[in-house]
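Protein sequence lines correspond, in order, to chains A and B.
At position 69 of the first sequence (counting the first as 1) the number is 69 in our numbering, and the numbers step up by one without a gap.
Just add 300 to the spot in the second sequence (first one is 1) and you have our numbering.
Glycine included, every Cβ here is placed at the ideal spot set by N, Cα and C.
Note that the structure is predicted; figures quoted are calculated from it, not measured.
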Amino acid sequence: MSAYLVSMGTFVGFFMILALALNLQWGITGMVNFGIAGFYALGAYTSGLLSAKLGVPVGLAIPAACLAGLVMGAAVALLSVRLREDFLAIVTLGVGEVIRLIVLNEDQITEGPRGLRIEARPFGEMIGPDLYPLFYLGLVAACVLLTYAVCEAIRRAPMGRTLRAIREDDVVAEVLGKNVLLHRVQIFAVGGFFMGLAGALYAHYVQNISPEVFMPVVAMFIWMSVIVGGAGNNRGILLGAGAVMVFLEGTRFVGDFTDALDAEKMSALRIIAIGLLLIVTLRLRPRGLLPERKFKAPSD
Amino acid sequence: MSLQMIVNALVNAALIAPPAMAFSLLFGILRFPNFAIGGYITVGAFAAFTLNVPLGLPLPLAAAGAMAVTALVVWGAHVLVFRPMEGQSAITLLVVSIAVTLILENVIRLFYSADVRGFDIPLQRPWKVFGAHITPEQVEIIGWSLAIGVMLHLLLAHTRIGRAMRAVADNPMLAAIRGVNAGRVTAFTTAICGALFGLTGVFAGLDLVIEPLVGWNLTIPIFAAAILGGIGSPYGAILGALLVGLAEEATILVLPSTYKIAVGFVIIAVLLLVRPQGLFGTAEIKK
Chain A
1 MSAYLVSMGT FVGFFMILAL ALNLQWGITG MVNFGIAGFY ALGAYTSGLL
51 SAKLGVPVGL AIPAACLAGL VMGAAVALLS VRLREDFLAI VTLGVGEVIR
101 LIVLNEDQIT EGPRGLRIEA RPFGEMIGPD LYPLFYLGLV AACVLLTYAV
151 CEAIRRAPMG RTLRAIREDD VVAEVLGKNV LLHRVQIFAV GGFFMGLAGA
201 LYAHYVQNIS PEVFMPVVAM FIWMSVIVGG AGNNRGILLG AGAVMVFLEG
251 TRFVGDFTDA LDAEKMSALR IIAIGLLLIV TLRLRPRGLL PERKFKAPSD
Chain B
301 MSLQMIVNAL VNAALIAPPA MAFSLLFGIL RFPNFAIGGY ITVGAFAAFT
351 LNVPLGLPLP LAAAGAMAVT ALVVWGAHVL VFRPMEGQSA ITLLVVSIAV
401 TLILENVIRL FYSADVRGFD IPLQRPWKVF GAHITPEQVE IIGWSLAIGV
451 MLHLLLAHTR IGRAMRAVAD NPMLAAIRGV NAGRVTAFTT AICGALFGLT
501 GVFAGLDLVI EPLVGWNLTI PIFAAAILGG IGSPYGAILG ALLVGLAEEA
551 TILVLPSTYK IAVGFVIIAV LLLVRPQGLF GTAEIKK
């Protein structure tokens, strides 16, 4: 039971990093990214392949995964220059799917559906197997705090106001002399960086990654976290990611109390519950559980 | 490119053209890319299956029933979910529409499990035309798809409600000022589109298989066709469907068939970058 809670906490951490990164891109800057699963996969496979196939130490492989997410983010942001946001949604979803298909089909390199086995773990040889899950939870928590601190710093900085201006009306921001394109590319790249980090942390935690984990539905869960929590509010995002994860994982316990439902039916019910959570939250609190506070003095 | 590939492309196009037109019509009124269409198509396929196999109705009757059920579901989703969220951004509504698809798909999984099913129809030998195989069901799909194109054209161009639909899509406020009852037009549009998604579910069940993901797998080709044709232009959607069908078949010549799903995305990405308004759409002026 406590092992289960530790593992669930670790997964909540991955979700929180992804959701904070998406909030930076969409909640604060208004750039749509439905390719989260692709960025997550990119991070996981960059770090996993580097350490499993090339023997690169974890201390270098994880930063490399972040860097891959950064570059990918900048590249996708350059696509957004000409696109309306609803179309960008479809294009980014496509980017994510193409990454998954490449991982699935180029199995000489990625091991495809067989799954890539990753032995290396951060500080794996220094910490005993009993304490390791707890240590990893701490490591992930530290990464969540780091991501939160960076996102919060960006939000509060003068740059944060520029980003919100771009979100509300990019033409006005441009007229006021802000370099809209540069800001967009920077923020999308930073978001990609953290998504890559989440992917790498995931890969070294489960130690066996395969493409079916990175289905577009992951992007959906992260989007729901951001919308339920309150787009634009980093604290709301942490709450939203926690709520979605509790719905997703916590409902597993319900299965322990009743034999009426098999695993297939339980997993169907879980996803129905998540969908209803989103719709009910939006009906009752249209701006999310912790809405973004507007028109706050800069001394905040 | 062999004749067989052209036949396959035609069948694909016939399958995605009606829902692409329906998607285009819905977009005109609701103004966000509605991912719920995947769930609607799945509902259509399973409604027809239930009427046809356990209840033993002949397929044409089951298809009509499926269209009615799906129209009801689409209208219900509009009233319960989308209409109360009118003030939300297009992207929030898009996420909600994916949630609607997830809910519908999983309600179906709950009752039918994820097994692959088919309709209760006699297995027929495919016909051979100049060396290309085509099944009688595929010919029927192509015929119905053409008929639907003509009927939608007549509806939009020559009836009162069709003119009202175009007016609301073009400029809702002006339409309201001129006395068009937007609520009634929207209800009518959702019902028509629902019937088309239901029928697509039936066709997908005939040509592919009946499983909970059948609608989701068609969603991206449908979007690609609608965007290619220019969103809001139902006739463009037909041509878009043809181009998507051909492109999917042509990819198999150069790439392993497992990459086929990516074709729709690549078409969308390239087209949007080169000509954001679609082949036949008119450029939207941003105010």
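| query | result |
| --- | --- |
| Residues of its chain near A/G9, where Cβ-Cβ distance is below 7 Å and the 5 sequence neighbours each way are ignored | L137 |
| Validate contact between the segment 66-84 of chain A and the segment 42-50 of chain A using beta carbons, cut 8 Å, 3 pairs | yes |
| Cβ-based neighbour list, B/A467, same chain, cut-off 6 Å, excluding 5 preceding and 5 following | A475, V480 |
| The segment 513-528 of chain B / the segment 565-576 of chain B touching (three or more Cβ pairs under 8 Å) | yes |
| Amino acids of chain A, ordered along the chain, whose beta-carbon sits closer than 9 Å to that of B/G387 | P286 |
| CB contact flag (B/I391, B/I522, <8 Å) | no |
| Boundaries (first-last residue) of the beta strand (DSSP E) holding B/W375 | Per DSSP, B/W375 belongs to no beta strand (DSSP E); it is in the alpha helix (DSSP H), 359-377. |
| Simplified DSSP state of A/D300, which is helix, strand or coil | Bear in mind that a pLDDT of 47 at A/D300, under 50, signals an unreliable position, so the number given afterwards is only what the model happens to contain. Of the three classes helix, strand and coil, the one that applies to A/D300 here is coil, per DSSP. |
| B/L423 versus B/V574, B/P436, B/G536, B/F503, residue with shortest Cα-Cα distance | B/P436 |
| Limits of the beta strand (DSSP E) - the one that B/V429 falls within | 427-429 |
| Distance, A/G13 Cα to A/A141 Cα | 6 Å |
| Below-8 Å beta-carbon distance, B/F298 vs any chain A residue | Here chain B comprises residues numbered 301 to 587, so residue 298 of chain B is not present and cannot be evaluated. |
| Member of B/V381, B/L351, B/R575, B/I341 whose CA lies at the smallest distance from the CA of A/V280 | B/V381 |
| Neighbour flag for B/T342 against chain A, beta carbons, 8 Å | no |
| Residue-chain proximity (B/I316, chain A), Cβ-Cβ < 8 Å | no |
| Chain B residues whose Cβ lies nearer than 8 Å to that of A/A89 | P333, I391, L394 |
| CB contact check: B/I585 to chain A, cutoff 8 Å | The predicted position of B/I585 is uncertain, since its pLDDT is 49 and thus under 50; a value taken from the coordinates is nonetheless stated next. No, B/I585 does not count as interfacial toward chain A. |
| Chain B contact for A/V76 (CB, 8 Å cutoff) | no |
| Integer Cβ distance of A/V244 from A/S225, believed to fall under 8 Å | 5 Å |
| Reduced DSSP category for B/R417 - H, G, I as helix; E, B as strand; rest coil | strand |
| Contact belief for B/F327 with B/T519 at Cβ below 8 Å, rounded distance in angstroms | Contact doesn't hold; Cβ gap of about 13 Å is too wide. |
| Beta-carbon proximity of A/G275 to B/L508, cut-off 8 Å | no |
| Candidates A/I209, A/I272, A/F11: closest to A/L104 by CA position | A/I209 |
| Test: A/V218 CB closer than 8 Å to a CB of chain C | The structure shown contains no chain C; its protein chains are A and B. |
| A/I127 - containing alpha helix (DSSP H), residue span | Where A/I127 is concerned, there is no enclosing alpha helix (DSSP H), given that its DSSP letter is neither H nor E. |
| For A/A149 and A/C143, the rounded distance between their alpha carbons | 10 Å |
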